[in-house]
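Going left to right, the sequence shown walks through residues 0 to 178 as numbering that gives the first Met the number 0 numbers them. Reviewing the structure listed below.
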Amino acid sequence: MNRARVSEGEVVLETDRLLLRRWRVSDAALQRELWTERDPRVPPHRRIAPDGHPTLEDIEGWMRRRDPDTSLGLLAAERRGSGDVIGYCGLIQNVHGQDGEPELAYEFLRRVWRQGYATEASWAVLSWAKESGYRRLWATVRDWNTASRRVMAKLGFVETARVEPDNAYGNSLFYMKDL
Numbered sequence: 000m001n002r003a004r005v006s007e008g009e010v011v012l013e014t015d016r017l018l019l020r021r022w023r024v025s026d027a028a029l030q031r032e033l034w035t036e037r038d039p040r041v042p043p044h045r046r047i048a049p050d051g052h053p054t055l056e057d058i059e060g061w062m063r064r065r066d067p068d069t070s071l072g073l074l075a076a077e078r079r080g081s082g083d084v085i086g087y088c089g090l091i092q093n094v095h096g097q098d099g100e101p102e103l104a105y106e107f108l109r110r111v112w113r114q115g116y117a118t119e120a121s122w123a124v125l126s127w128a129k130e131s132g133y134r135r136l137w138a139t140v141r142d143w144n145t146a147s148r149r150v151m152a153k154l155g156f157v158e159t160a161r162v163e164p165d166n167a168y169g170n171s172l173f174y175m176k177d178l
């Protein structure tokens, strides 16, 4: 089951186990927890800095200033029934040069890894992207991230020949999927 509702700037995607929705300021602590769990191989600008930034207040501010575009955005992944937020999945602007073709992005708390949530949420986002009129999606995955590489394969993404070398944090591999 994948259902999408888009109305008045709100997006809600439903799967069998998840509700994907816009972030609420009350979700900021969970978002910061994701930052604290990131692998040390993730570049420093995406991890908690030695000075503690981003702080909870920084993240709350980002959530208050969210983009009103209903065809892009990272959606909080909330488990149906329990209501606990366990990560996110969505579409972001592709900064790698494919104009008008967004990038799939997701991240989940370590305690829910290996339960299929990334794949399930991504299928819902792929349907949303297609309904929004996108014809192709991209994704970038670090070469060391074998779990995300497996998710890409399950979703039918194809690894391209493009690689962004990074000796410090691992090469970024570029994946593409026609919708």
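We treat Cβ as the ideally placed atom computed from N, Cα and C, and that holds for glycine. What you are looking at is a predicted structure, and each value in this text was computed from that prediction instead of being measured.
Problem - C-alpha gap between N144 and R134, whole angstroms - result: Between N144 and R134, the C-alpha separation is close to 26 Å.
Handout entry: Spatial neighbours of W34 in its chain, beta-carbon cut-off 7 Å, leaving aside the 5 residues before and after
Key = R46, I47 and P53, listed in sequence order.
Exercise for the section: Pull up the DSSP beta-bridge partners for F173, would you. Expected result: F173 is bridged by DSSP to T139.
Exercise for the section: Compute every distance between the C-beta of D57 and the non-hydrogen atoms of the ligand PLP, then say whether any falls below 6 Å. Expected result: As for the ligand PLP, it is missing from this structure, which has no ligand bound.
Practice task
Could you name each continuous alpha helix (DSSP H) segment of 4 residues or more that falls completely within the stretch 34–75, going from the start of the chain to the end?
Solution key: Counting only runs of at least 4 residues, the stretch 34–75 fully encloses the following alpha helix (DSSP H) elements, listed from N- to C-terminal order: 55–63.
Problem - C-beta contact flag for A75 and R31 at 7 Å - result: Taking 7 Å as the Cβ cut-off, A75 and R31 do not qualify as a contacting pair.
Practice task
Have a look at D57 and R148 and give me their C-alpha separation to the nearest angstrom.
Solution key: Rounded to whole angstroms, D57 to R148 spans 31 Å at the Cα level.
Handout entry: Under the three-state DSSP convention, the category A120 falls into
Key = Looking at A120 - three-state DSSP - the assignment turns out to be helix.
Practice task
Specify, as a first and last residue, the run of the beta strand (DSSP E) that V157 falls within.
Solution key: Membership of V157 in the beta strand (DSSP E) is indicated by the continuous run V157 to E163.
Problem - Local Cβ density within 10 Å of T139, reported as buried at 16 or more and exposed below that - result: It counts as buried.
Practice task
Tell whether a beta-carbon distance below 7 Å holds between Y174 and P42.
Solution key: In this structure, Y174 keeps its C-beta atom at 7 Å or more from the C-beta atom of P42.
Exercise for the section: Name, in chain order, the residues that DSSP records as bridge partners for Y105. Expected result: DSSP lists C88 as partners of Y105.
Practice task
Can you tell me which of the three DSSP states L125 falls into?
Solution key: L125 sits in a helix when the DSSP states are folded into three classes.
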